[in-house]
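With positions in the sequence shown counted from 1, the corresponding number in the working numbering is that position plus 3.
From the three backbone atoms N, C-alpha and C, an ideal C-beta is built for every residue, glycine too.
Treat the numbers as computed from the prediction; the structure is a model and nothing was measured.
Below you'll find the structure, written out as structure tokens, and then a few comments.
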Amino acid sequence: MSHVNISPAILYWGTPVALIASENEDGSSNISAISSAFWLLDRCVLGFGSGSKTPQNILRSGHCTVNLPEDTQIASVNALATTTGSPEPSASKISRGYRYVKDKWAVAGLTPQGSDVVRPPRIRECPVQMECELVDSHGLMQELPAMAGALIVLELKVLRVHVLERLRMAGHVNRIDPDKWRPMIMSFQQLYGLRDTKIAPSQLALINEELYRPSTRRQTTASKEKEDLAVEA
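Below you can see the structure in the form of structure tokens.
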């Protein structure tokens with residue numbers, strides 16, 4: 004087996020598609036479809052082009068919702084893919100076929116749903132919804148004069164998680180059953196789903212999930228945690 008050196012223009016090895024809802028200056032809401040996203044403990048990290056409407060909205064308002072579609076919701080994701088909430092799109096976006104859309108809800112066939120603790124709405128059709136607040140931001144590629152200010156990473160704190168009941172693991176209040184969750188994955192601009200079954204048992208799955216919960220987010224009672232530990236022992 005041999006390897007070769009290549010220089011891909013993009014490095015999208017495969018991450019979940021997320022639909023980000025944010026609040027515009029006039030109180031209306033914007034939706035963007037992205038795949039530059041990952042989670043660590045109760046934090047969500049999102050990457051954007053700095054000139055995009057969504058990061059501008061989040062930096063101004065301090066909040067957003069992160070909504071995860073399933074792999075069956077391709078039509079909505081594709082409908083949003085080349086839209087922008089900026090009335091005057093950048094030359095770069097225009098060259099890639101983007102167009103300004105004021106009402107992205109109608110274009111994508113999606114429905115706003117009121118949030119509990121933030122102003123931007125959740126997306127009713129998405130089986131996973133997270134209400135988030137901005138914690139920090141960081142510019143990428145700042146060492147390159149041509150790219151300085153072009154890209155931004157936002158650190159969000161997940162304040163509340165909403166999921167469809169069918170995704171919960173039987174016997175547990177706060178766990179997702181990965182056999183039931185079917186995220187949409189973007190890999191090198193193409194959309195994929197997961198296999199129907201695990202490829203193999205995972206050693207990490209032997210660790211109790213509650214051991215990862217930050218102490219600041221402990222909302223379960225001591226008795227409930229003991230119950231979960233007993234079930235998983």
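Quiz item: Does the Cβ of Pro90 lie closer than 7 Å to at least one heavy atom of the ligand GDP?
Solution: This structure lacks the ligand GDP; in fact it carries no ligand of any kind.
Quiz item: Just how far apart, CA to CA, sit Val234 and Ile126?
Solution: At Val234 the pLDDT is 47, less than 50, meaning the model places this residue with poor confidence; the figure from the coordinates comes in the next sentence. Straight through space, the alpha carbons of Ile126 and Val234 are spaced by roughly 33 Å.
Self-check item: Meets three-Cβ-pair contact criterion under 8 Å: the stretch 70-88 and the stretch 4-24
Solution: Pairwise C-beta distances place the stretch 70-88 in contact with the stretch 4-24, as three or more of them are shorter than 8 Å.
Practice problem: Starting from Thr68, follow the alpha helix (DSSP H) in both directions and report where the run begins and ends. | Solution: DSSP places Thr68 outside any alpha helix (DSSP H); the residue lies instead in the beta strand (DSSP E), whose first and last residues are 66-71.
Quiz prompt | Coil, strand or helix - Ser109 by DSSP | solution = Reading the sequence as shown, one finds Ala at residue 109 and not Ser. In this structure, DSSP gives Ala109 a helical state, which the three-state scheme calls helix.
Quiz item: What residues in its chain sit with their C-beta under 6 Å from that of Leu49, if we drop five residues either side in the sequence?
Solution: Excluding residues up to 5 positions away in sequence, Ala40, Leu157 lie with their Cβ nearer than 6 Å to the Cβ of Leu49 in the same chain.
Self-check item: Cβ shell of Lys183 (< 7 Å), same chain only, five flanking positions each side left out
Solution: Once the five neighbours on either side are set aside, the close Cβ partners of Lys183 are Arg169, Leu170.
Quiz item: Just checking my contact of Leu162 with Val120 at CB under 8 Å: how many whole Å lie between their CB atoms?
Solution: Indeed, because the Cβ distance is near 5 Å, the residues count as touching under 8 Å.
Quiz item: If you check the beta carbons only, do Pro112 and Ser79 fall under 8 Å apart?
Solution: Pro is not the amino acid found at residue 112; the sequence shown has Gly there. Pairing Gly112 with Ser79 gives a Cβ-Cβ distance under 8 Å.
Self-check item: Assigned secondary structure, Arg221 (DSSP; H/G/I helix, E/B strand, else coil)
Solution: For Arg221, the predicted model reports a pLDDT of 48, less than 50, meaning its position is unreliable; a value from the coordinates is still stated below. Here Arg221 sits in coil by DSSP.
Quiz item: How many angstroms separate the CA atom of Glu28 from the CA atom of Gln59?
Solution: When only Cα atoms are considered, Glu28 and Gln59 end up about 10 Å apart.
Quiz item: What are the boundary residues of the alpha helix (DSSP H) that includes Ser79?
Solution: 77-84 is the extent of the alpha helix (DSSP H) around Ser79.
Quiz item: With distances taken between CB atoms, is the gap from Phe191 to Ile61 smaller than 8 Å?
Solution: No, these two residues do not count as a Cβ contact at 8 Å.
Self-check item: Length of the line joining the Cα atoms of Leu137 and Pro123
Solution: In this structure, the alpha-carbon of Leu137 lies about 13 Å from that of Pro123.
Quiz prompt | Nearest candidate by alpha-carbon position, reference Gln116, set Asp106, Leu83, Cys129, Val110 | solution = Closest by C-alpha distance to Gln116, out of Asp106, Leu83, Cys129, Val110, is Cys129.
Quiz item: How is Ile61 classed by DSSP in three states: helix, strand or coil?
Solution: Looking at Ile61 - three-state DSSP - the assignment turns out to be helix.
Self-check item: Rounded Cβ spacing between Val83 and Lys107 (contact assumed at less than 8 Å)
Solution: Looking at the sequence provided, one finds Leu at residue 83 rather than Val. Yes, they are in contact, since the Cβ atoms of Leu83 and Lys107 sit about 6 Å apart, within 8 Å.
Quiz item: For Trp16, does the count of other Cβ atoms within 10 angstroms reach 16, so buried, or fall short, so exposed?
Solution: The C-beta of Trp16 has fewer than 16 other C-beta atoms within 10 Å across all chains shown, which makes the residue exposed.
Quiz prompt | Continuous alpha helix (DSSP H) stretch holding Ile97: start and end | solution = Element bounds for Ile97: 94-98.
Exercise. Could you check what DSSP says for Ala173 in three-state terms: helix, strand or coil?
Key: When DSSP states are grouped into helix, strand and coil, Ala173 belongs to the coil group.
Quiz item: Closest to Lys160 by CA distance: which of Glu212, Pro11, Met133 is it?
Solution: For Lys160, the closest alpha carbon among the candidates Glu212, Pro11, Met133 is that of Met133.
Exercise. To the nearest angstrom, report how far apart Ala94 and Ser10 are at their CA atoms.
Key: About 25 Å.
Self-check item: Contact check, Thr18 vs Met189, beta carbons under 8 Å
Solution: Between Thr18 and Met189, the C-beta gap is smaller than 8 Å, which places the two residues in contact.
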